[in-house]
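Numbering (this note's numbering), first residue to last: 19 to 154.
Cβ coordinates follow ideal geometry from the N, Cα and C atoms, glycine included.
Remarks on the structure that follows.
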C-alpha cells in the first residue's frame with residue numbers, strides 16, 4: 019500500500035480525470051453566463067461534477083492531516099460516504115439555513131451519477147490509477 023510521503027502528497031490530483039472534471043465545471047460556469055436557461059444542463063451539470071472535483075481535494079487534505087493512511091485511488095466507501103454526507107448537507111440542511119437554498123432531489127441523482135463516474139474511472143477500467151499517476 020502506498021503511504022503518504024512528505025507533508026502533503028497530492029497523488030490524487032495528478033489523475034487526468036480530476037483535471038477533466040475541473041475543466042468541465044469551469045467551462046460550464048462560463049457557459050452559464052453566456053447562455054439562457056438550458057434545462058437540466060443549467061441546473062444539474064455542476065452537481066454532476068461535485069464529487070469528482072471536490073473529493074480528491076478533500077482526501078488529499080485528509081492525507082495532509084494524517085486522517086487518511088494511504089495515497090491510493092479513491093475507494094467506493096469514500097465515494098459513497100462523502101456523497102451521502104454532502105447530499106444531506108446540501109439538499110436538506112442547506113435549505114433550513116439559507117433562504118436562497120432549495121432542496122432538489124434531482125441534485126441527489128446528479129451527485130450519485132458523478133460518484134458512479136468516479137468509481138467507474140478508478141475501479142472498472144483497465145488502467146490502474148497508480149500507474150497513471152506515476153507517468154505524470
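- In this structure the segment 71 to 84 does not touch the segment 105 to 116; the number of beta carbon pairs closer than 8 Å is below three.
- The Cβ atoms of residue 73 and residue 100 lie closer than 8 Å to each other.
- Its chain contains 109 as the residues whose beta carbon lies nearer than 7 Å to that of residue 122, once the 5 sequence neighbours on both sides are disregarded; these appear in chain order.
- Inside the segment 29 to 113, DSSP marks whole alpha helix (DSSP H) runs of 4 or more residues at positions 34 to 52, 58 to 66, 68 to 82, 94 to 106, from first to last along the chain.
- Taking C-beta atoms under 8 Å as the contact rule, residue 135 and residue 70 qualify, at a distance of about 6 Å.
- Rounded to the nearest angstrom, the Cβ distance from residue 140 to residue 91 is 4 Å, consistent with a contact under 8 Å.
- In the DSSP assignment, residue 134 falls within the unbroken alpha helix (DSSP H) covering 123 to 141.
- Residue 137 and residue 83 have their C-alpha atoms some 24 Å from each other.
- A direct Cα-to-Cα measurement between residue 105 and residue 142 gives close to 24 Å.
- Around the CB of residue 97, 16 or more other CB atoms lie within 10 Å, so the residue is classed as buried.
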